[in-house]
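Some notes on the structure that comes next.
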Amino acid sequence: MFYLPWTLFEHSLIACDYSGWAPQQILAWVGLERYGYQEEAERLAYRWLYMITKAFVDYNGVVVEKYDVTRPIDPHRVDAEYGNQGLDFRGVAREGFGWVNASFQLGLTIVNSHMRRALGACVAPDAFFSATDAEKEGLLLKWGASPPGSPGAESPTQSLFPGTPP
């Protein structure tokens with residue numbers, strides 16, 4: 001399973017039908033966690049966070065309103081309903097979009113520390129999840145992730161919200 005598809009209709013132009021709509025991802029993670037599927041929630045959250053991070057890195061800091069998770073190369077290119085806010089770079093909100101930002105912050109609390117390190121090094125989900133536990137450390141170092149115990153390696157949200165627990 002890559003992401004959770006939400007629509008039953010092909011080519012729907014309704015914004016919330018896109019599988020890359022942040023509120024639906026959040027609902028899925030929380031539901032999985034509440035029913036004891038922590039690993040599945042972590043895996044889905046990592047894929048979502050990676051997609052947002054990769055689009056941000058590859059497309060000059062773009063954080064759009066919705067994503068098409070079936071497009072691995074350019075998931076931010078969505079033609080839905082009233083368009084994809086932030087896509088044309090003229091209307092890019094420097095601060096991002098509320099629910100996308102919230103999904104990113106929440107996702108960082110769901111994934112484990114190895115996943116946060118891999119995300120910081122932009123390690124693709126398939127490479128990360130196919131590696132054995134022993135191979136993951138080498139993969140993280142190869143991609144330039146901070147070693148365990150280095151400042152920020154364990155809790156990426158700590159610097160964002162000083163005084164709050166990680």
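In UniProt numbering, the protein residues as written are 1 to 166.
Here a beta-carbon is modelled for each residue, glycine too, at the ideal position from N, C-alpha and C.
By a beta-carbon distance limit of 8 angstroms, L139 does not contact F129. Their separation comes to about 11 angstroms.
With 16 or more other CB atoms across the displayed protein chains lying within 10 angstroms of its CB, Q25 is buried. Distance from the CA atom of A134 to the CA atom of A124, rounded to whole angstroms, is 17 angstroms. Under the three-state reduction of DSSP output, Y67 falls in the strand class.
Within the model, the alpha-carbon separation for E40 versus L32 is close to 7 angstroms.
Taking C-beta separations shorter than 6 angstroms and ignoring five residues to either side along the sequence, the partners of F97 in its chain run E65, following chain order. The Cβ atoms of Y67 and G107 do not sit closer than 8 angstroms to each other. Distances from the alpha-carbon of G144 to those of H114, D126 and T132 put H114 closest.
Taking the Cα of L49 as reference, the smallest distance to any Cα among E137, T132 and C122 is reached at C122. Given a length threshold of 4 residues, each whole run of the alpha helix (DSSP H) inside the region 17-48 is given here in chain order: 22-34. Looking from the CA of R47, the closest CA among F104, V78 and Y37 belongs to F104.
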